[in-house]
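Here the protein sequences come in this chain order: A and B.
Mapped onto our numbering, the consecutive letters of the first sequence carry residue numbers 24 to 581.
Mapped onto our numbering, the consecutive letters of the second sequence carry residue numbers 24 to 581.
Ideal Cβ placement from N, Cα and C applies to all residues, glycine included.
The structure appears right after this line, and notes come after that.
Protein chains: 2
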Amino acid sequence: MSTEAPLGERLRVIPLGGAGEIGKNMYVIELGGEMVVIDAGVAFPTADQLGVDLVLPDFSYVAERRDRLAALFLTHGHEDHIGAVPYFLRAAGPTRVYGTRFVLGLLRSKLEEHRLLDAAELIEIEPGVPRAIGPFGGEFVHLTHSMPGCVAVALRSPVGTVVHTGDFKFDHTPIDGRRTNLPALARLGDGGVHVLLADSTNAEVPGVPASERSVGQELRRILATAPGRVVVTTFASHIHRMQQVLQASYADGRVVALVGRSLNRNFGIARGLGEIEVPDATVVRPRDLDEHPADEQVVLATGSQGEPLSALSRMARGEHPLVHIRAGDTVVYSSRTVPGNELAVNDTINRLVRAGARVITQETNPAIHVSGHGTAENLQVMLQLLRPRFFVPIHGEPRHQRAHADLARGVGLDPDDIFVLDNGDVLEVGPRDAEVAGRVEAGITYVDGLGVGDVVEGVLRDRRHLSADGLVLVVATVSAQSGEPVGEAEIVTRGFGADDPELIEATRVEVERSLAASAAERVTEVGLLQHQLHDAVAALLYRRTRQRPMVLPVVVEV
Amino acid sequence: MSTEAPLGERLRVIPLGGAGEIGKNMYVIELGGEMVVIDAGVAFPTADQLGVDLVLPDFSYVAERRDRLAALFLTHGHEDHIGAVPYFLRAAGPTRVYGTRFVLGLLRSKLEEHRLLDAAELIEIEPGVPRAIGPFGGEFVHLTHSMPGCVAVALRSPVGTVVHTGDFKFDHTPIDGRRTNLPALARLGDGGVHVLLADSTNAEVPGVPASERSVGQELRRILATAPGRVVVTTFASHIHRMQQVLQASYADGRVVALVGRSLNRNFGIARGLGEIEVPDATVVRPRDLDEHPADEQVVLATGSQGEPLSALSRMARGEHPLVHIRAGDTVVYSSRTVPGNELAVNDTINRLVRAGARVITQETNPAIHVSGHGTAENLQVMLQLLRPRFFVPIHGEPRHQRAHADLARGVGLDPDDIFVLDNGDVLEVGPRDAEVAGRVEAGITYVDGLGVGDVVEGVLRDRRHLSADGLVLVVATVSAQSGEPVGEAEIVTRGFGADDPELIEATRVEVERSLAASAAERVTEVGLLQHQLHDAVAALLYRRTRQRPMVLPVVVEV
Numbered sequence: 024m025s026t027e028a029p030l031g032e033r034l035r036v037i038p039l040g041g042a043g044e045i046g047k048n049m050y051v052i053e054l055g056g057e058m059v060v061i062d063a064g065v066a067f068p069t070a071d072q073l074g075v076d077l078v079l080p081d082f083s084y085v086a087e088r089r090d091r092l093a094a095l096f097l098t099h100g101h102e103d104h105i106g107a108v109p110y111f112l113r114a115a116g117p118t119r120v121y122g123t124r125f126v127l128g129l130l131r132s133k134l135e136e137h138r139l140l141d142a143a144e145l146i147e148i149e150p151g152v153p154r155a156i157g158p159f160g161g162e163f164v165h166l167t168h169s170m171p172g173c174v175a176v177a178l179r180s181p182v183g184t185v186v187h188t189g190d191f192k193f194d195h196t197p198i199d200g201r202r203t204n205l206p207a208l209a210r211l212g213d214g215g216v217h218v219l220l221a222d223s224t225n226a227e228v229p230g231v232p233a234s235e236r237s238v239g240q241e242l243r244r245i246l247a248t249a250p251g252r253v254v255v256t257t258f259a260s261h262i263h264r265m266q267q268v269l270q271a272s273y274a275d276g277r278v279v280a281l282v283g284r285s286l287n288r289n290f291g292i293a294r295g296l297g298e299i300e301v302p303d304a305t306v307v308r309p310r311d312l313d314e315h316p317a318d319e320q321v322v323l324a325t326g327s328q329g330e331p332l333s334a335l336s337r338m339a340r341g342e343h344p345l346v347h348i349r350a351g352d353t354v355v356y357s358s359r360t361v362p363g364n365e366l367a368v369n370d371t372i373n374r375l376v377r378a379g380a381r382v383i384t385q386e387t388n389p390a391i392h393v394s395g396h397g398t399a400e401n402l403q404v405m406l407q408l409l410r411p412r413f414f415v416p417i418h419g420e421p422r423h424q425r426a427h428a429d430l431a432r433g434v435g436l437d438p439d440d441i442f443v444l445d446n447g448d449v450l451e452v453g454p455r456d457a458e459v460a461g462r463v464e465a466g467i468t469y470v471d472g473l474g475v476g477d478v479v480e481g482v483l484r485d486r487r488h489l490s491a492d493g494l495v496l497v498v499a500t501v502s503a504q505s506g507e508p509v510g511e512a513e514i515v516t517r518g519f520g521a522d523d524p525e526l527i528e529a530t531r532v533e534v535e536r537s538l539a540a541s542a543a544e545r546v547t548e549v550g551l552l553q554h555q556l557h558d559a560v561a562a563l564l565y566r567r568t569r570q571r572p573m574v575l576p577v578v579v580e581v
Numbered sequence: 024m025s026t027e028a029p030l031g032e033r034l035r036v037i038p039l040g041g042a043g044e045i046g047k048n049m050y051v052i053e054l055g056g057e058m059v060v061i062d063a064g065v066a067f068p069t070a071d072q073l074g075v076d077l078v079l080p081d082f083s084y085v086a087e088r089r090d091r092l093a094a095l096f097l098t099h100g101h102e103d104h105i106g107a108v109p110y111f112l113r114a115a116g117p118t119r120v121y122g123t124r125f126v127l128g129l130l131r132s133k134l135e136e137h138r139l140l141d142a143a144e145l146i147e148i149e150p151g152v153p154r155a156i157g158p159f160g161g162e163f164v165h166l167t168h169s170m171p172g173c174v175a176v177a178l179r180s181p182v183g184t185v186v187h188t189g190d191f192k193f194d195h196t197p198i199d200g201r202r203t204n205l206p207a208l209a210r211l212g213d214g215g216v217h218v219l220l221a222d223s224t225n226a227e228v229p230g231v232p233a234s235e236r237s238v239g240q241e242l243r244r245i246l247a248t249a250p251g252r253v254v255v256t257t258f259a260s261h262i263h264r265m266q267q268v269l270q271a272s273y274a275d276g277r278v279v280a281l282v283g284r285s286l287n288r289n290f291g292i293a294r295g296l297g298e299i300e301v302p303d304a305t306v307v308r309p310r311d312l313d314e315h316p317a318d319e320q321v322v323l324a325t326g327s328q329g330e331p332l333s334a335l336s337r338m339a340r341g342e343h344p345l346v347h348i349r350a351g352d353t354v355v356y357s358s359r360t361v362p363g364n365e366l367a368v369n370d371t372i373n374r375l376v377r378a379g380a381r382v383i384t385q386e387t388n389p390a391i392h393v394s395g396h397g398t399a400e401n402l403q404v405m406l407q408l409l410r411p412r413f414f415v416p417i418h419g420e421p422r423h424q425r426a427h428a429d430l431a432r433g434v435g436l437d438p439d440d441i442f443v444l445d446n447g448d449v450l451e452v453g454p455r456d457a458e459v460a461g462r463v464e465a466g467i468t469y470v471d472g473l474g475v476g477d478v479v480e481g482v483l484r485d486r487r488h489l490s491a492d493g494l495v496l497v498v499a500t501v502s503a504q505s506g507e508p509v510g511e512a513e514i515v516t517r518g519f520g521a522d523d524p525e526l527i528e529a530t531r532v533e534v535e536r537s538l539a540a541s542a543a544e545r546v547t548e549v550g551l552l553q554h555q556l557h558d559a560v561a562a563l564l565y566r567r568t569r570q571r572p573m574v575l576p577v578v579v580e581v
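Encoded structure:
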């Protein structure tokens, strides 16, 4: 840097999501009282996050300092990078949002759905064209990944330049012909990169990744030999894969019907922005498919993760109104199964097989999908092009971030200059030094229905308890004066398996015994009565069933 | 067969578990009013089988015909083949149980735990030594798999011979030196196999499987280069893997501590039966580990599937009383992750990495585990040695059974002679023909606590409802005469996120409105009042929160 940093001026790098865990990416870069946020992603709930719809980063740190928020920068358009933007705008107020044309196209559609178009000033950036991002001089380098419009961002400051790679791999034969701009990355390195934040997702995978183009070749081979209709499922955001399915279908003389809401929305956006090219006659409506012979049909469908309401899952269950799986169909999973979705995907595949389809997956045919993330060799090339002074591996899980740190040591970085951070860690960076200088509030915010942040750990704990052994409700009426029971207690169970009449009667007897004992001790306070009832009933039920349903005692005084 | 079948005499082959699904294997073979059951396994619950402890086959078909039950035959000792035996014995009464010495050793320990040793007559069979099994002439052929004492069973009858392979692969260099008896299989084929039931688990995997011995070589390499202590986790039933860890440790001059209840139990049984050989000095108690330098220690631990209470999971959380993960430790997953366990395993690995361990898994080091199931080429060799007249692919999922059927067609079987069955299907087999002739009761029995069969689909549905959005309980007291509310309604929520005071108050107002409306219409019947309350409150809550908690209205009349 030519400008000297003022004495004591320091950068702060704070991950709020995506460090020490997978998904919901969000990184804060601060300089002189201003902050730029990079990405605002969501994660999807895991099996133990019961009833949760979406998982957001806890961005209260930013929301509480909204006067200092200069910009939100989006590296690319995947949900784990832009999915939280509507929630972020509601919390942080109107914000300048920077991204490439394609990212903003996806975001615009999302904000329209949330009726939030007014809350953001969308500002298009272009690779190779510098533009100020808040207090920083911004530069943007085009990278290959599994969608168009992906960039790395360099934020120049008097302290030094911070580079965030976003998601990337080095695909030397991308299907849109736009390769990663390696010389631009090298020039960034020549100018001096002070802090690098780089994608760790595939750090454990050795070697170099296959090109997206190789999947197209495999698709053509499958289409050419499939005896009937071919159903292809992939990620709805995978514009390049969509393009390849369309191209291979056209080459094989097949028409394509797109089935699934998100797929159709993304197809429309991508085609409108010129990111997908396909002859009009190749795309048909699902209802018109059967005007063509089976071996001239392709269905491109959502559902690669076994999502129960997706197009493919409904086809597999025989519940799709327009597409019915038939013997002779070939179903191609041009995708990987995201961890946690294995059973749902397995279930869908088994239903497809029972319906007579042949199913091709990455397990049996590795060439049918490639990852959009660079493997070890790509990551080492990135490190050598940029030659950062300080390095923060991001994205992926802790194991991947550690593996990325190991790769960095392998190409000569000093272990003391590598920081594997957790969400909320504050990395303070001066011109010559960097250190983890503290922590800010960070974590998880759950979305459930209209509620954002209502579902907290205690609520999930109750849901887990209820889900494990169900509920036993005891309603007892007692005299306000004596505490003596009035009439019979009512026992209601839900989700409790052992509720045979004999056990219910034994529970009622136990309730009477407990109330009589309390009355004998002259206990009339409702809270205390309920407490004693709870313990008596829970103990009886555990003794008799070895189950621990949630016991809810309600004492009504009359 | 030399004996002619009486006119009209037929065999019946009925899968009660393990057909059309994975796990809880159980197959019924009937002849002339007698039945032999092959295997009685359990499956472990999936994420949507909330609160369930174990999944059994519904064997009421056998229990209701217990007078006709001649024998239970066990092909080998894995839980998905013997785990349901205690429940089976309780339902079917005292039974002759046949198995190899090692299987009976494992079963004896299981029956002792369940205090059921008296309910079974355990009869040891030996490969190569014929013995009657109920109405059949039984022959047993030793096979390699991932534990000792595995056999295929041939049941000879006037109608023809039924062969059930159990689980197998062809390991030509097994670590106990006992290869699959290929000539004996060929002789069975020479004598004529009428019906073959064969393991389909790895039918989708091409080629031949690696030998168990190759894992030992990889373990030695890892132990030789690991800078400190090595923790190895594998399946507790994998006696051969245990033997290899012990051997490799001895060869590297390390001591081994076994940590985990099931591992220690199986080690004890296997060592007692001579299936594991290890010098006394090699095995140490966990508390004595630190008498040896770190690089002379090995810990063999349960927990390869991320089970929360297992030894390795507790180490990863820093909660194990005896073993603490330290920087410099190497943790080796000598296992595959069973579908459905990915997130739990990932979580454990990330904790181990954070604690400073290097973690080696099959993902990054494929040589560290091999499957015990034969891949496509093995299955085709089995089909060619036995040359069955009729073929039923079993084990694995429908996709694997279909793939196995395809392999069978590939080696010349007539598609009309291949039967991919579902649980409950009755395959009737005569001397010259076979057909699916009907269905019997079959399905799933859940074990929850002490309850076997209490948890039914309706209970699980309630648990799913409760787990998704929690519970809102409304307790209202009304006058028995007028139906008018007496006092304020009580609202209790559990696992419901949106329970802020304002919404609770709105709910109370809605309860009053509903009760007043009912009173105006002179509704006093409690059931009807509760019904109206339910609908009013559920509608309000959905409108305000887009959540659907379970609403439980209780009306108390005074």
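If we call anything under 8 Å between Cβ atoms a contact, is residue i one with residue j?
i	j	result
L575/B	L494/B	yes
G326/B	T384/B	no
G506/B	S541/B	yes
R252/B	V182/B	no
R308/A	A271/A	no
H372/A	V238/A	According to the sequence shown, residue 372/A is Ile rather than His. No; because the gap between Cβ atoms is not below 8 Å, this pair is not in contact.
H423/B	E102/B	no
L552/B	V579/B	no
G435/B	V449/B	no
Going by DSSP in three states, residue i sits in which element: helix, strand or coil?
i	result
T26/B	Note on T26/B: pLDDT 43, under 50, position unreliable in the model; no value is reported.
L296/B	coil
E420/B	coil
D103/B	helix
P344/B	coil
T98/B	coil
R33/A	coil
N289/A	helix
With residue i as the anchor, note down where its alpha helix (DSSP H) starts and where it stops.
i	result
D222/B	Careful: D222/B lies outside any alpha helix (DSSP H), inside the beta strand (DSSP E) at V218 to D222.
R124/A	R124 to E136
H557/A	V549 to T568
Please list the terminal residues of the continuous beta strand (DSSP E) segment that includes residue i.
i	result
L166/A	F159 to L166
I467/A	I467 to D471
M170/A	Unbroken run through M170/A: none, as it is neither H nor E.
Under the criterion of a Cβ to heavy atom distance below 7 Å, does residue i qualify as lining the ligand GDP?
i	result
V59/A	Here there are no bound small molecules, and the ligand GDP is not part of this structure.
Validate contact between the segment 35 to 54 of chain B and the segment 66 to 82 of chain B using beta carbons, cut 8 Å, 3 pairs: yes
Interface residues of the segment 487 to 498 of chain B facing chain A [CB-CB below 7 Å]: L489, S490, A491, D492, G493, L494, L496 and V498
Cβ-based contacts, 8 Å cut-off: residues of the segment 466 to 481 of chain B near chain A: Y469, D471, G472, L473, G474, D477, V478 and V479
Residues in the segment 190 to 204 of chain B having any Cβ partner in chain A nearer than 9 Å: none
Residues from the segment 69 to 86 of chain B in contact with chain A, defined by Cβ distance under 7 Å: T69, A70, L73 and G74
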